[in-house]
Amino acid sequence: MIKIEELVHAYIHSHCDFEKELVLTNYFQADWEADILIVDAGGMSHEIEIKFSKSDFKNDFKKSYLNKDTGEKFLKHDKISCGDYACNAFSFLLPMGMVDANLIPEHCGIIEFYHNADTWETEFYLIREPKKLHEDSYWKLNDKDLFIRKMALNLLQRKMEIKGKHEELIFKNPFDIKKIK
Numbered sequence: 005m006i007k008i009e010e011l012v013h014a015y016i017h018s019h020c021d022f023e024k025e026l027v028l029t030n031y032f033q034a035d036w037e038a039d040i041l042i043v044d045a046g047g048m049s050h051e052i053e054i055k056f057s058k059s060d061f062k063n064d065f066k067k068s069y070l071n072k073d074t075g076e077k078f079l080k081h082d083k084i085s086c087g088d089y090a091c092n093a094f095s096f097l098l099p100m101g102m103v104d105a106n107l108i109p110e111h112c113g114i115i116e117f118y119h120n121a122d123t124w125e126t127e128f129y130l131i132r133e134p135k136k137l138h139e140d141s142y143w144k145l146n147d148k149d150l151f152i153r154k155m156a157l158n159l160l161q162r163k164m165e166i167k168g169k170h171e172e173l174i175f176k177n178p179f180d181i182k183k184i185k
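FYI, the numbering used here numbers position 36 of the sequence shown as 40, with every residue one higher than the one before it.
#1: What's the gap between the Cα of residue 100 and the Cα of residue 128?
#2: Please list the terminal residues of the continuous beta strand (DSSP E) segment that includes residue 118.
#3: Can you check whether the CB of residue 12 is closer than 9 Å to the CB of residue 61?
#4: With three or more C-beta pairs closer than 8 Å as the rule, is the region 122-137 touching the region 104-114?
#5: What span of residues does the beta strand (DSSP E) with residue 124 cover, start to end?
#6: Which residue comes first and which comes last in the alpha helix (DSSP H) that contains residue 39?
#7: Since I believe residue 105 is in contact with residue 146 (beta carbons under 8 Å), could you give me their beta-carbon distance rounded to a whole number of angstroms?
#8: Going by beta carbon distance, what residues of the same chain come within less than 8 Å of residue 8, once the five residues before and after it are set aside?
#9: Looking at C-alpha atoms only, which residue of 158, 58, 33 and 48 is the closest neighbour of residue 107?
#10: Over the uninterrupted alpha helix (DSSP H) stretch that includes residue 31, give me the two end residues.
#11: For residue 85, report the span of its alpha helix (DSSP H) as first-last.
#12: Indicate the three-state DSSP secondary structure (helix, strand or coil) for residue 59 in the structure shown.
#13: DSSP puts residue 96 in a beta bridge; with which residues?
#14: Let me make sure I understand the geometry here. Which of 44, 63, 65 and 79 has the alpha-carbon closest to that of residue 186?
#15: Based on Cα-Cα distance, which residue from 150, 153 and 97 lies nearest to residue 126?
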């Protein structure tokens, strides 16, 4: 069975243009994590959620969040379907035939994959284009400077994490140090 990291790698390297698109994996946006987030040069964004099992797929529709300001509770796909969402498009990436397309809400795009374990090749099939949820640029709804700073911090954290696994660090982890006033 293909691992999620291998599937993500296969998809982004076959479907994304790294010179024209910003591509992030496991990116936390609002209260949930995007398995793949693609933002094009014009600021249009597409979240792709990967599901390997029917139960995981069904659970995605049960995800609810609490608005910290109003105390209002809402379901993730209710926000997506009404366009009250940061991304312009949302799709599921699923194993071929795992879920009948008629059971997937119309606002969701559907991408299916077939992984050949013998040749280690993975093929992707666009079953349904996602609906455009709204016209606003991702950068109109998200602070681009904060986004870039968070990306830089994540890269630094990963570098320190990887370095720490291979070497004994001789300085305190900078992420454990409290802010200097």
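Note that CB positions come from ideal geometry on N, CA and C, so glycine has one too.
Working from what's here:
#1: 9 Å
#2: 112-120
#3: no
#4: yes
#5: Neither: residue 124 is in no beta strand (DSSP E) and is coded neither H nor E.
#6: Premise fails: residue 39 lies in the beta strand (DSSP E), 36-44, not in any alpha helix (DSSP H).
#7: In fact, because the Cβ distance is near 31 Å, the residues do not count as touching under 8 Å.
#8: 39, 54 and 56
#9: 58
#10: It is not in any alpha helix (DSSP H) - residue 31 instead sits in the beta strand (DSSP E) that spans 25-33.
#11: 80-85
#12: helix
#13: 53 and 114
#14: The structure shown does not extend to residue 186, since the chain spans only 5 to 185, so no value can be given for it.
#15: 97
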